[in-house]
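Notes follow the structure.
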Amino acid sequence: MNDCLFCKIIAGEIPSKKIYEDESCFAFYDIDPQAPVHFLVIPKAHITGANEITAENCAVVGHIYAVIAQLTKKLDCKDDYRVVTNCGDLAGQTVKHLHFHVLAKRSLAWPPG
Ligand code: 5GP
Ligand code: ZN
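Under our numbering, the residue at position 20 of the sequence shown is numbered 185, and the numbers go up by one with no gaps.
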């Protein structure tokens, strides 16, 4: 997707603080961190949001959770973290490329605002 911010980050056209990359996903620090550790994990395939996950493209979602389990260990998050996917405008999705926020190293309130 030519005009997608996160596709441009994957392509290296927009710089990011990359944490991890493999054939199907890319992880990088959020530009506006909401916790001492706040990074995003995204599929390399352009999927607009969680509402566009299908039987055909869903394998990457499980893979991303496995990557998150590895990265949080590597970043010493002590198995305490939150994964968030906002879907749609009401939920606060501002970038229309599926992404998983990972927040850690502070106490997180529930319910979210
Ligand atoms: P959303 O609001 O769609 O759930 O999350 C989008 C996230 O992308 C936000 O937390 C925002 O700070 C982050 N973000 C937006 N633009 C950039 C950017 O250019 N670089 C990085 N690293 N993060 C970005
Ligand atoms: Zn995209």
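Note that the Cβ used here is the ideal one computed from N, Cα and C, for glycine as well.
Only a predicted model underlies this, so the values are computations on that prediction, with no experimental measurement involved.
Residue i: first and last residue of the uninterrupted alpha helix (DSSP H) it sits in
{"i": "H228", "result": "A224 to K239"}
For residue i, three-class secondary structure by DSSP
{"i": "C169", "result": "coil"}
{"i": "A215", "result": "helix"}
{"i": "I174", "result": "helix"}
{"i": "E221", "result": "coil"}
{"i": "K183", "result": "strand"}
Short Cβ contact (8 Å threshold) for residue i with residue j
{"i": "V267", "j": "F204", "result": "yes"}
{"i": "Y185", "j": "L236", "result": "yes"}
{"i": "K243", "j": "P201", "result": "no"}
{"i": "N216", "j": "C252", "result": "yes"}
{"i": "C172", "j": "H211", "result": "yes"}
{"i": "L263", "j": "T213", "result": "yes"}
{"i": "K209", "j": "I233", "result": "no"}
Limits of the unbroken beta strand (DSSP E) element including residue i
{"i": "H266", "result": "F265 to A269"}
{"i": "L205", "result": "V202 to P208"}
{"i": "A192", "result": "C190 to Y194"}
{"i": "V249", "result": "Y246 to V249"}
Touch test, the region 204-220 against the region 189-196, Cβ-Cβ under 8 Å, three pairs minimum: Judged by Cβ distances under 8 Å, the region 204-220 makes contact with the region 189-196, as three or more pairs qualify.
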